[in-house]
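For the sequence shown, numbering that gives the first Met the number 0 gives the first residue as 0, with consecutive numbering after it. Virtual Cβ for every residue (Gly too), placed ideally from N, Cα, C. Heads up: the structure comes next, in structure tokens.
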Amino acid sequence: MTSPYGRALGPRLRELHPTLQAYFSGVDAGQVGLGEGVFDFVGTRRWWLVPFLRPLQRRGVLVAGRHAHVPFRVENRIVSGRAVATRTLRLPGGIWTMHDSVALSSNGRLVDELGTPLTVSASFEARVADGAVLLRSRAVGLRLGRLRVRVPRVLSPVVRLREAHDSATGAQRVDVTIDAPLIGRVYEYGGTFTYRIEEDGR
0 MTSPYGRALG PRLRELHPTL QAYFSGVDAG QVGLGEGVFD FVGTRRWWLV
50 PFLRPLQRRG VLVAGRHAHV PFRVENRIVS GRAVATRTLR LPGGIWTMHD
100 SVALSSNGRL VDELGTPLTV SASFEARVAD GAVLLRSRAV GLRLGRLRVR
150 VPRVLSPVVR LREAHDSATG AQRVDVTIDA PLIGRVYEYG GTFTYRIEED
200 GR
């Protein structure tokens, strides 16, 4: 198993639709997983948050504002045991790219790092329910160079991801939400895409 997702799920991987099994198993050396689709929506409904989110958009963490019907492309590779993804979104103002890297920690949690030079990281527990992969964050932190800061639990946002096979369309469905204490839903995106694995021409 090349992917940290597959290693975290273990035997539960077989409970998923074959498309999801291929997605979360990872890719071999010299291959790339390509996903292309459309996000129904991406961003925040709370417009007063936009000025605070813009620095995170510049660092490739998340999108400030809110947009609908956003075409996107994802490229998945396995690099030194990490799942490295590049997501390219066609926003109204131009192309925006997010890079993230996921590793499996010694305690069996998935650790996702994204953004540069300020890196936001979150550790997740993974489970399978009704044929879908569910991730829920257990800790969120920040890293700038060697400086690492863990966000206190009482202030830490909760990130949830659900990835499933859409039997009606045959596509793969992904939904992500971020909820902050006292505020509620501060960010979300969701949409469908098709996925294939091919030789990596990079």
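A distance of 8 Å or more separates the beta carbons of residue 200 and residue 173.
Residue 89 and residue 194 have their C-alpha atoms roughly 18 Å apart. In terms of CA proximity to residue 64, 92 leads the group 29, 92, 155. In this structure, residue 38 lies near residue 69, with their beta-carbon atoms less than 8 Å apart. When the five nearest sequence neighbours on each side are left out, the beta carbons in the same chain lying within less than 6 Å of the beta carbon of residue 111 are those of 99, 101, 121, in order along the chain. In this chain, residue 24 is not harboured by any beta strand (DSSP E); it is covered by the alpha helix (DSSP H) spanning 17-24. Between residue 60 and residue 119 a beta carbon distance of about 5 Å is seen, short of the 8 Å cut, so the two are scored as contacting.
The C-beta of residue 3 has 16 or more other C-beta atoms within 10 Å across all chains shown, which makes the residue buried. Contact check between the segment 168-186 and the segment 42-51: three or more CB pairs, one atom from each, fall below 8 Å, which counts as touching.
Annotation for residue 45: no beta strand (DSSP E) segment contains it, and DSSP assigns it neither H nor E. The criterion of a C-beta distance shorter than 8 Å is satisfied by residue 134 and residue 125. Sorting 148, 16, 78, 145 by C-alpha distance to the C-alpha of residue 170 places 16 at the top. Per the coordinates, the alpha-carbon of residue 130 lies some 17 Å from the alpha-carbon of residue 6. Within the DSSP bridge table, the entry for residue 96 names 87 as partners. Taking 3 residues as the minimum length, the beta strand (DSSP E) runs contained wholly in the segment 95-171 are 109-113, 117-128, 131-143, 146-149, 157-164, in order along the chain.
CA-CA distance, residue 148 to residue 53, rounds to 21 Å. Using a Cβ distance threshold of 8 Å, residue 32 and residue 75 count as a contacting pair.
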